[in-house]
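Chemist: In this note's numbering, the protein residues as written are 28 to 191.
All C-beta atoms, glycine included, are put in the ideal place defined by N, C-alpha and C.
Predicted model, so just to flag it, every value in this text is computed and none were measured.
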């Protein structure tokens with residue numbers, strides 16, 4: 028889970044909490060910068076970030092977290108906040124995001140798919156570059172999932188905000 032909120036009464040800015048490692052902090056900064064340049068492309072006010080202080084939190088603060096895998100999730104949490112529209116649930120996503128919006132592959136696909144099934148989340152978004160990793164999983168692990176493969180953040184956006 029990733030939480031995002033606007034902190035009223037403060038100047039514009041961005042805060043991260045949740046015992047995040049350096050790579051995960053960089054992923055959040057990339058997500059923020061990508062959205063700052065593309066908010067209007069996704070139906071959010073272009074000036075949304077100009078006068079708002081945002082706080083992004085990854086729960087279970089005592090547990091250290093690191094890696095780029097939450098990049099698309101952080102981007103989506105911030106975009107949901109900017110659009111004022113909640114993310115459809117249950118939905119799990121993974122993928123590194125670049126400053127230009129490309130979705131890069133991540134490790135641990137098998138473990139992430141198994142974890143999603145364990146908590147009853149049967150819709151997934153993952154990098155297109157991880158398609159083979161998913162397709163090579165045993166059928167009993169893959170069965171029942173609705174899976175969206177993303178090359179660019181536009182693909183993630185469509186799956187989250189436009190797919191019924």
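Can you tell me where the beta strand (DSSP E) holding residue 36 begins and where it ends?
Modeler: Residue 36 -> no beta strand (DSSP E), and no H or E assigned at all.
Chemist: Decide if residue 147 is buried, meaning its Cβ has at least 16 other Cβ atoms within 10 Å, or exposed.
Modeler: Label assigned to residue 147: exposed.
Chemist: Which same chain residues, not among the five before or five after residue 114, have their C-beta less than 7 Å away from its C-beta?
Modeler: Correct list, in chain order: 103, 107, 187.
Chemist: Let's test the definition: count the other Cβ atoms within 10 Å of the Cβ of residue 126 and tell me whether it reaches 16, buried, or not, exposed.
Modeler: By the 10 Å Cβ count, residue 126 comes out exposed.
Chemist: For residue 64, count neighbouring C-beta atoms within 10 Å of its own C-beta (all shown protein chains included) and say buried if the count is 16 or more, exposed if not.
Modeler: Looking at its Cβ environment, which holds fewer than 16 other Cβ atoms inside 10 Å, residue 64 is exposed.
Chemist: Tell me which residue opens and which closes the alpha helix (DSSP H) that residue 58 is part of.
Modeler: It spans 49-65 - the alpha helix (DSSP H) in which residue 58 sits, taken as one unbroken run.
Chemist: Kindly indicate which three-state DSSP category residue 190 falls into: helix, strand or coil?
Modeler: Three-state result, residue 190: coil.
Chemist: Classify residue 28 as buried or exposed, calling it buried when 16 or more other Cβ atoms lie within 10 Å of its own Cβ.
Modeler: Exposed: under 16 other Cβ atoms inside 10 Å.
Chemist: Per the DSSP calculation, residue 176 is bridged to which residue(s)?
Modeler: 153, per the DSSP bridge assignment.
Chemist: Give a yes or no on whether the C-beta atoms belonging to residue 121 and residue 139 are separated by under 7 Å.
Modeler: Cβ atoms of residue 121 and residue 139: closer than 7 Å.
Chemist: For residue 109, is the beta carbon positioned less than 6 Å from some heavy atom of the ligand MN?
Modeler: Annotation note on the ligand MN: not contained in the displayed structure, which lists no ligands.
Chemist: At which residues does the beta strand (DSSP E) containing residue 75 begin and terminate?
Modeler: Note, residue 75: premise wrong, no beta strand (DSSP E); not H, not E.
Chemist: Quick one: what's got a C-beta closer than 8 Å to residue 149's C-beta in the same chain, skipping five residues either side?
Modeler: Cβ neighbours of residue 149 beyond the five flanking positions: 117, 143, 171, 172, 173.
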